[in-house]
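> First the structure, then my questions, so here it is.
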Amino acid sequence: MAGFGLANKLKQLVSGKRILDEDFFDELEDTLIESDLGARTAMEVVDALRESKETRNMDERGILLHLKEQLLPFTRGVDLKPDSEETHLFLVLGVNGVGKTTTIAKMARFFHEKHDRHCVIAAGDTFRAAAIDQLLVHGERLDMRVVHQQPGADPGAVIFDALESAVSRGENLVLADTAGRMHNRANLIRELQKIHKIVSSKIGAQNYKKILVLDATTGQNALRQAEMFHESVGVDAIILAKYDSAAKGGIVIPIQRTLSIPIAFIGTGEGYDNLEPFEPESFIDSLLGL
Ligand SMILES: Nc1nc2c(ncn2[C@@H]2O[C@H](COP(=O)(O)OP(=O)(O)O)[C@@H](O)[C@H]2O)c(=O)[nH]1
Ligand SMILES: [Mg+2]
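Numbered per the numbering used here, the sequence shown finishes at 326, counting up by one with no gaps.
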């Protein structure tokens with residue numbers, strides 16, 4: 037993973053023979069807040085460092101390792117690999133432009149190649165013709181079935197069709213796209229709740245996951261989106277897209293502290309292979325520049 041703004045700033049801050057005085061701790065706290073870690077976490081980890089007996093003798097790396105130890109408990113990953121050959125469904129949620137459709141194509145490739153799962157894509161974003169076409173192109177390139185209807189069709193019906201046909205054909209995983217337009221929040225929520233009800237009537241909760249895609253470049257906004265989707269329909273796992281272009285990656289921590297939703301994958305580019313399972317330790321290492 038690429039190095040980030042936080043890693044570079046930390047390097048400047050802790051390098052050389054800096055005295056670990058109050059100015060240092062204040063600056064460190066500001067730097068962590070600027071990187072979207074959240075004021076509460078920033079304050080807590082800096083306090084822990086300030087109060088640690090060993091701090092005075094710590095070198096550059098020691099300080100970073102101390103921060104890592106504090107932050108690691110707030111990062112949790114989850115493996116989304118379907119645990120049986122039965123048909124599973126991932127309902128992919130998120131506001132417009134965060135990377136849902138691209139992430140669906142990447143997941144289809146990932147679960148097919150890494151876990152030998154037969155994937156089907158459901159074009160549940162029926163709001164724009166372009167959204168359906170985008171999935172058809174991916175389906176052709178990946179050689180995967182895309183269940184779709186006309187623009188304007190009922191997304192619940194499209195997803196139900198995909199699920200029903202996947203069950204009858206013995207296909208393993210339905211990846212369902214959804215529209216994420218935000219201009220009418222109440223409508224969006226109602227539509228998602230309707231889809232949720234339809235899916236729940238067809239498969240058991242253990243085979244059904246709601247996955248929220250967030251754009252890593254949007255910082256605090258991503259936290260608000262996560263709260264909104266979690267309250268409305270419940271979110272089982274998060275995928276952090278566009279992590280390659282994120283100046284900050286710290287938003288993962290307040291999301292996990294506030295909502296306790298684990299992270300499944302990190303999106304690291306526009307290509308099909310740019311999807312990495314979330315690894316808490318290597319994530320923190322790259323965040324801090326270790
Ligand atoms: N750099 C980068 N771009 C991404 C990533 N994921 C998606 N994108 C781009 O973000 C834009 C919006 O993606 P799209 O999948 O259409 O978003 P949707 O509206 O949520 O379905 C497209 O230009 C994608 O190529 C990622 O992990 N890294
Ligand atoms: Mg889309």
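The beta carbon of each residue, even a glycine, is placed where N, CA and C say it ideally should be.
Note that the structure is predicted; figures quoted are calculated from it, not measured.
#1: Please list, following the chain, all residues that have a C-beta closer than 7 Å to any non-hydrogen atom of ligand 2.
#2: Given 7 Å as the limit, tell me if residue 130 has its C-beta closer than that to any heavy atom belonging to ligand 1.
#3: Rounded to the nearest angstrom, what separates residue 73 and residue 200 at their Cα positions?
#4: Quick one: what's got a C-beta closer than 7 Å to residue 78's C-beta in the same chain, skipping five residues either side?
#5: Considering only the beta carbon of each residue, do residue 213 and residue 159 sit closer than 8 Å?
#6: Does the distance from the C-beta atom of residue 249 to that of residue 111 stay below 8 Å?
#7: Rounded to whole angstroms, what's the CA-CA distance from residue 184 to residue 155? Just pull it up for me.
#8: Enumerated in chain order, which unbroken segments of the beta strand (DSSP E) with a length of 3 residues or greater are wholly contained in the segment 192-232?
#9: Do the segment 290-299 and the segment 129-139 touch if we need at least three Cβ pairs shorter than 8 Å?
#10: Is the distance from the Cβ of residue 254 to the Cβ of residue 279 below 8 Å?
#11: Classify residue 154 as helix, strand or coil using the three-state DSSP reduction.
#12: Could you check whether the Cβ of residue 255 sits closer than 7 Å to any heavy atom belonging to ligand 1?
The answer reads as follows:
#1: With the cut-off at 7 Å, the residues found are 136, 137, 161, 167, 170 and 213.
#2: Along the sequence shown, one-based indexing puts residue 130 at 94. At a cut-off of 7 Å, the beta-carbon of residue 130 counts as near ligand 1: some heavy atom of the ligand is closer than that.
#3: Taking the first residue of the sequence shown as position 1, residue 73 is located at position 37. Taking the first residue of the sequence shown as position 1, residue 200 is located at position 164. Answer to the nearest angstrom: the Cα atoms are 42 Å apart.
#4: Along the sequence shown, one-based indexing puts residue 78 at 42. Excluding sequence neighbours, residue 78 sits near 65, 68 and 69.
#5: The residue given as residue 213 occupies position 177 in the sequence shown. The residue given as residue 159 occupies position 123 in the sequence shown. Taking a C-beta distance under 8 Å as the contact criterion, residue 213 and residue 159 qualify as a contact pair.
#6: As a position in the sequence shown, residue 249 is number 213, starting the count at 1. As a position in the sequence shown, residue 111 is number 75, starting the count at 1. For residue 249 and residue 111, no; Cβs fall outside 8 Å.
#7: In the sequence shown, counting from the first residue as 1, residue 184 sits at position 148. In the sequence shown, counting from the first residue as 1, residue 155 sits at position 119. Straight-line Cα distance between these residues: approximately 15 Å.
#8: Counting whole runs of 3 or more residues, the segment 192-232 contains the beta strand (DSSP E) stretches 209-212.
#9: Fewer than three pairs of CB atoms, one per stretch, sit closer than 8 Å, so the segment 290-299 makes no contact with the segment 129-139.
#10: Residue 254 sits at position 218 when you count from the first residue of the sequence shown. Residue 279 sits at position 243 when you count from the first residue of the sequence shown. Contact flag unset, no.
#11: For the purposes of this step, residue 154 is taken as residue 118 along the sequence shown, with counting starting at 1. Looking at residue 154 - three-state DSSP - the assignment turns out to be coil, as it is neither helix nor strand.
#12: Here the question's residue 255 lines up with position 219 in the sequence shown. Taking non-hydrogen atoms of ligand 1 into account, the C-beta of residue 255 is found less than 7 Å away from none of them.
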